[in-house]
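S.K.: Protein chains in written order, with the numbering used here: chain A, 54 to 167; chain B, 213 to 322.
Here it is: the structure, laid out below.
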Amino acid sequence: DAGVIQSPRHEVTEMGQEVTLRCKPISGHNSLFWYRQTMMRGLELLIYFNNNVPIDDSGMPEDRFSAKMPNASFSTLKIQPSEPRDSAVYFCASSDWTGAQTLHFGNGTRLTVT
Amino acid sequence: KNEVEQSPQNLTAQEGEFITINCSYSVGISALHWLQQHPGGGIVSLFMLSSGKKKHGRLIATINIQEKHSSLHITASHPRDSAVYICAVRYPNTGNQFYFGTGTSLTVIP
C-alpha cells in the first residue's frame with residue numbers, strides 16, 4: 054500500500070488567498086483525521102471523519118477552515134481566506150478503527166502564509 | 213479529563229545508552245500508540261498497545277493498565293534514533309479520537 058498520500062508537500066501563499074490541502078487515505082481505512090502541528094501547540098486535531106461523515110470538528114479554528122470527504126478515498130481541507138497565523142504543518146492520518154486500529158500519517162503539507 | 217503527559221520533554225544521550233521515555237494518561241484507554249517524527253519528516257507509528265509489552269528491534273514498549281502508564285525503551289541507542297517521540301491514546305466512548313502528548317525530543321550524540 055502507498056500509505057496516506059497528501060498533496061502538496063509544500064505550499065507558500067499570500068495572505069487572503071484560498072488554500073486547498075488534499076489527502077488520500079489508506080484503502081479500507083474508515084477513519085480520516087486532519088491535524089495541525091506547530092512548535093507552540095504540538096499536534097492539534099482539526100476534524101475527523103468516520104465512514105466519510107464528520108464526527109468532531111470542534112478543533113477547526115474558525116469559519117475560514119472547512120473540510121470535506123466526498124468519498125472514502127479523498128478528503129480536502131480548505132482555508133479561505135488564509136492568514137499568516139495559519140502557517141503550520143498539516144497532517145492527514147487514517148485509521149481502521151473497527152479492525153486493527155492502527156494509525157497512519159501522511160507526510161504532511163508545510164503551509165507558509167506570507 | 214483526557215490528558216496525556218510525557219516525560220522528559222527533552223533528552224540527550226550518548227550513543228549506546230539505554231533510553232526510557234514515559235507516558236501517563238488520566239483515565240482508562242482503548243489503545244496507546246507510540247509515534248516517531250524525524251526532523252522535517254512525517255510521523256510513523258512504532259507501536260500500538262492495549263496491554264503488556266511489544267518489541268521491535270531495539271525498541272521496546274510496555275504498558276501498565278492499572279498505573280495508566282507506558283514506557284518506550286531504546287536499547288543501544290544510535291544517532292539515527294534522534295527524533296521526537298509522541299505518545300497518543302484512544303479513549304473508549306470518544307469515537308475514534310486520539311489524544312497526543314507533547315512529545316519527547318531525543319538527541320543521541322555519537
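Heads up, the beta-carbon is just placed ideally off N, CA and C, and yes, glycines get one too.
These figures come from a predicted structure and were not determined experimentally.
Under a three-way DSSP split, which group does R117 (chain A) fall into?
M.R.: Three-state DSSP puts R117 (chain A) in coil, outside helix and strand.
S.K.: Any contact of the stretch 113-132 of chain A with the stretch 225-240 of chain B, i.e. 3+ C-beta pairs under 8 Å?
M.R.: No, because fewer than three Cβ pairs between the stretch 113-132 of chain A and the stretch 225-240 of chain B fall closer than 8 Å, the two stretches do not touch.
S.K.: On the criterion of 16 or more Cβ atoms from any shown chain inside 10 Å, does R89 (chain A) qualify as buried, or is it exposed?
M.R.: When all chains shown are included, R89 (chain A) counts as buried.
S.K.: With a cut-off of 8 Å, does the C-beta of I255 (chain B) fall near any C-beta of chain A?
M.R.: Closer than 8 Å: yes.
S.K.: From the beta carbon of Q218 (chain B), is the nearest beta carbon of chain A less than 8 Å away?
M.R.: False, the Cβ-Cβ gap to chain A never drops below 8 Å.
S.K.: Out of B:A295, B:A225, B:N276, state which residue places its alpha-carbon closest to the alpha-carbon of V239 (chain B).
M.R.: Residue B:N276 is the option with its Cα nearest to V239 (chain B).
S.K.: Can E217 (chain B) and G315 (chain B) be called in contact, C-beta distance under 8 Å?
M.R.: Contact flag unset, no.
S.K.: With a threshold of 8 Å, are at least 3 pairs of Cβ atoms found where one atom belongs to the stretch 134-147 of chain A and the other to the stretch 79-88 of chain A?
M.R.: Yes, the stretch 134-147 of chain A is in contact with the stretch 79-88 of chain A.
S.K.: Tell me which same chain residues have a C-beta within less than 6 Å of the C-beta of P134 (chain A), skipping the five on either side of it?
M.R.: Excluding positions up to five away in sequence, the list reads G69.
S.K.: Identify the contact partners of Q309 (chain B) in chain A, using a Cβ-Cβ distance below 7 Å as the criterion.
M.R.: Residues of chain A passing the Cβ test: L98, Y101, D109.
S.K.: I298 (chain B) versus chain A: which residues are under 9 Å apart at the beta carbon?
M.R.: Residues of chain A passing the Cβ test: G95, L96.
S.K.: Taking only the alpha-carbon atoms, compute the straight-line gap between N222 (chain B) and M260 (chain B) and give it to the nearest angstrom.
M.R.: Whole-angstrom Cα-Cα distance: 23 Å.
S.K.: Output the distance between the C-alpha atoms of L173 (chain B) and V320 (chain B), rounded to the nearest integer angstrom.
M.R.: Given a span of 213 to 322 for chain B in the structure shown, any question on residue 173 (chain B) remains unanswerable.
S.K.: Could you have a look at P291 (chain B) and say whether DSSP puts it in helix, strand or coil?
M.R.: Three-state DSSP puts P291 (chain B) in a helix.
S.K.: Is V142 (chain A) buried or exposed, if buried means 16 or more other CB atoms sit within 10 Å of its CB?
M.R.: Per the 10 Å Cβ criterion, buried.
S.K.: What is the rounded straight-line gap between the Cα of G254 (chain B) and the Cα of R62 (chain A)?
M.R.: Cα-Cα distance, rounded: 11 Å.
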